[in-house]
Amino acid sequence: MLFGWTRLAIRWKKALPVCPGSFAKSWDCDFWQKERTKPAMKMTPLYRFAKIVPSWFARPIVPYRVRGRENIPKEGAAILCINHIRNSDPVRIFLSCRRQVFFLGKQELFKNKFISWVLRNVGVIPIQRGRSDLGAISSAGQHLQRGDLLGVFIEGTRSKDGTLGKPKAGAAMLAWRYHVPVIPCCITARGEHLPKTFEKCCVTYGKPIIPEDLGLKDGKSSEFREASRLIMDRIRAIREEDLKTFEKGA
């Protein structure tokens with residue numbers, strides 16, 4: 001799969017525009033504001049409705065506490081890189097994030113027509129796992145170009161035991177291709193295990209990481225691997241801090 005990501009990155013490399021100015025000063029630079037083909041999507045109607053009504057019922061079922069919400073920019077493109085421990089993880093992100101998150105979701109979720117309709121209308125982008133899905137990557141890129149917040153479960157699958165898995169390179173490739181920051185996000189359960197039903201989890205958003213700080217310069221596969229490892233290291237550090245907080249009984 002990494003070979004597919006690399007081949008796709010090389011294909012786009014020559015067409016990559018260069019953003020003026022330093023990303024160290026501002027990752028949401030004027031260039032991207034001018035180059036967006038469409039205005040940033042605030043919230044889809046169904047997503048907004050779910051925020052108002054169904055979320056009331058969801059909170060007792062998937063309890064959580066949130067830290068670092070101020071690290072999510074009010075506007076501008078970014079990639080939210082999240083670990084994955086339960087099927088309810090997207091709901092916790094939905095409840096804790098004030099912006100709409102456009103998730104990449106596995107194609108298998110779209111088999112049922114009604115569920116497919118719901119997922120598409122809340123902004124979930126279907127992606128075929130195990131190979132480079134150019135259509136899904138193109139859709140994700142369109143969202144980033146217009147300044148949306150993209151959600152990616154960086155391990156590519158759900159953890160079977162609650163531990164962190166090996167990161168995939170897709171998020172790093174998108175960050176390089178579209179010059180957008182990555183926001184590490186960790187969902188942590190009490191103790192090193194999978195959260196039980198109705199168990200409160202901690203959702204923590206880390207500080208944004210600009211592409212340069214991830215070593216993303218030339219779009220090489222080695223850079224994508226190293227950047228993915230750095231992102232996962234940030235997620236791991238957040239997790240360790242949250243586990244200590246749980247131990248203190250907070």
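Per UniProt numbering, the sequence shown runs over residues 1 to 250.
All C-beta atoms in this analysis are idealised placements derived from N, C-alpha and C, irrespective of residue type, glycine included.
In this text, all values refer to a predicted model and were calculated from it rather than measured experimentally.
Check: Fully enclosed by the segment 133-172, which alpha helix (DSSP H) runs are 4 residues long or longer?
Finding: Annotation: the segment 133-172 contains the following complete segments of the alpha helix (DSSP H) (minimum length 4 residues), in chain order: 134-145.
Item checked: Validate contact between the segment 65-85 and the segment 205-218 using beta carbons, cut 8 Å, 3 pairs -> With the cut-off at 8 Å, the segment 65-85 and the segment 205-218 touch.
Next item on the list: Using the Cα positions of Glu240 and Arg92, report the straight-line distance between them to the nearest angstrom.
Entry: Translated into the one-based positions of the sequence shown, residue 240 becomes position 240. Translated into the one-based positions of the sequence shown, residue 92 becomes position 92. Their Cα atoms are separated by approximately 19 Å.
Next item on the list: Can you tell me which of the three DSSP states Ile52 falls into?
Entry: What you label residue 52 is simply residue 52 of the sequence shown in a count that begins at 1. Assigned with DSSP and collapsed to three states, Ile52 falls in helix.
Notebook entry, point to check: Looking only at its own chain, which residues have a Cβ that is under 7 Å from the Cβ of Lys200, when we skip the five neighbours before and after it?
Noted result: In the sequence shown, counting from the first residue as 1, residue 200 sits at position 200. Excluding sequence neighbours, Lys200 sits near Pro63, Tyr64, Arg65.
Check: Buried or exposed: Arg48, going by 16 or more other Cβ atoms within 10 Å of its Cβ?
Finding: Here residue 48 refers to the residue found at position 48 when the sequence shown is read from its first residue. It counts as exposed.
Margin query: Less than 6 Å between C-beta atoms, sequence neighbours within five positions excluded: which residues of the same chain meet that for Ile235?
Written below: What you label residue 235 is simply residue 235 of the sequence shown in a count that begins at 1. Only Asn83, Pro184, Cys186 meet the Cβ criterion.
Check: When you compare each of Ser222, Lys74, Met232, Phe153 to Asp89 by their alpha carbons, which one comes out closest?
Finding: In the sequence shown, the residue the question calls residue 89 occupies position 89. Nearest option by C-alpha distance: Phe153.
Next item on the list: Taking Ser139 and Ile125 to be in contact with their CB atoms under 8 Å, please state how far apart those CB atoms are, rounded to whole angstroms.
Entry: In the sequence shown, the residue the question calls residue 139 occupies position 139. In the sequence shown, the residue the question calls residue 125 occupies position 125. So it is a contact: roughly 5 Å between Cβ atoms.
Item checked: Alpha-carbon to alpha-carbon, Asn87 and Ala189 -> Locating residue 189 in the sequence shown gives position 189, where the first residue counts as 1. Locating residue 87 in the sequence shown gives position 87, where the first residue counts as 1. Ala189 and Asn87: Cα-Cα distance of roughly 14 Å.
Next item on the list: Determine the closest residue to Cys81 out of Leu216, Ser228, Ser221, with distance taken between C-alpha atoms.
Entry: Numbered from its first residue, the sequence shown carries residue 81 at position 81. Comparing Cα positions, the closest option is Ser228.
Check: Nearest to Asn121 by alpha carbon, out of Glu212, Phe246, Met43?
Finding: Stepping through the sequence shown from its first residue, residue 121 is reached at position 121. Among Glu212, Phe246, Met43, the Cα nearest to that of Asn121 belongs to Met43.
Notebook entry, point to check: Are Gly135 and Ile85 close, meaning C-beta to C-beta below 7 Å?
Noted result: Along the sequence shown, read from residue 1 onward, the residue named residue 135 stands at position 135. Along the sequence shown, read from residue 1 onward, the residue named residue 85 stands at position 85. No, the Cβ-Cβ distance between Gly135 and Ile85 is not below 7 Å.
Next item on the list: Quick one: grab the DSSP three-state call for Pro126.
Entry: Here residue 126 corresponds to residue number 126 of the sequence shown, with the count starting at 1. In the structure shown, Pro126 sits in a strand (DSSP, three-state: E or B).
Check: Taking Cβ to Cβ, would you say residue 314 is nearer than 7 Å to Ile79?
Finding: The question about residue 314 has no answer, for the chain in this structure spans 1 to 250.
Item checked: Touching by the beta-carbon criterion (3+ pairs, under 8 Å), the segment 102-119 and the segment 213-229 -> no
Margin query: Just to confirm my understanding: we take Gly141, look at its own chain, exclude 5 residues before and 5 after, and list those with CB closer than 8 Å. What are they?
Written below: On the sequence shown, residue 141 is found 141 positions in, with the first residue counted as 1. Same-chain partners within the cutoff: Leu174, Arg177, Tyr178.
Check: Secondary structure at Ile210, three-state DSSP: helix, strand or coil?
Finding: Taking the sequence shown and counting its residues from 1, one reaches residue 210 at position 210. Note: Ile210 maps to coil in three-state DSSP.
Notebook entry, point to check: In angstroms, rounded to a whole number, what distance separates the CA positions of Ser222 and Trp56?
Noted result: Against the sequence shown, residue 222 aligns to sequence position 222. Against the sequence shown, residue 56 aligns to sequence position 56. So the two alpha carbons sit approximately 45 Å from each other.
Check: Roughly how many angstroms separate the alpha carbons of His143 and Thr157, rounded to a whole number?
Finding: Counting from 1 along the sequence shown, the entry for residue 143 is found at position 143. Counting from 1 along the sequence shown, the entry for residue 157 is found at position 157. Going from the Cα of His143 to the Cα of Thr157 covers about 22 Å.
Item checked: Distance CB(Ile209)-CB(Val182) smaller than 7 Å -> In the sequence shown, the residue the question calls residue 209 occupies position 209. In the sequence shown, the residue the question calls residue 182 occupies position 182. For Ile209 and Val182, yes; Cβs fall inside 7 Å.
Note to self: Can you list, in chain order, the residues of its chain with a C-beta nearer than 6 Å to that of Glu226? Leave out the 5 residues immediately preceding and following it.
What the structure shows: Within the sequence shown, the letter at position 226 stands for residue 226. Only Gly215 meet the Cβ criterion.
Notebook entry, point to check: Among Glu75, Phe103, Leu164, Leu46, which has the Cα closest to the Cα of Asp233?
Noted result: For the purposes of this step, residue 233 is taken as residue 233 along the sequence shown, with counting starting at 1. Considering only alpha carbons, the answer is Leu164.
Notebook entry, point to check: Under 7 Å between the Cβ atoms of Leu149 and Val101?
Noted result: Along the sequence shown, one-based indexing puts residue 149 at 149. Along the sequence shown, one-based indexing puts residue 101 at 101. In contact: Leu149 and Val101 (Cβ atoms closer than 7 Å).
Margin query: So if DSSP puts Val91 in a beta bridge, which residue, or which two residues, is it bridged to?
Written below: What you label residue 91 is simply residue 91 of the sequence shown in a count that begins at 1. According to DSSP, which records beta bridges pairwise, Val91 is partnered with nothing at all.
Check: Between the beta-carbon of Arg129 and the beta-carbon of Lys106, is there less than 7 Å?
Finding: The residue labelled residue 129 in the question sits at position 129 within the sequence shown. The residue labelled residue 106 in the question sits at position 106 within the sequence shown. At a Cβ-Cβ threshold of 7 Å, Arg129 and Lys106 count as neighbours.
Checklist line | Supposed contact pair Glu75 and Gly147 - C-beta distance, whole angstroms, cut 8 Å | finding: On the sequence shown, position 147 is the one that residue 147 refers to. On the sequence shown, position 75 is the one that residue 75 refers to. Gly147 to Glu75, Cβ: 6 Å. Contact.
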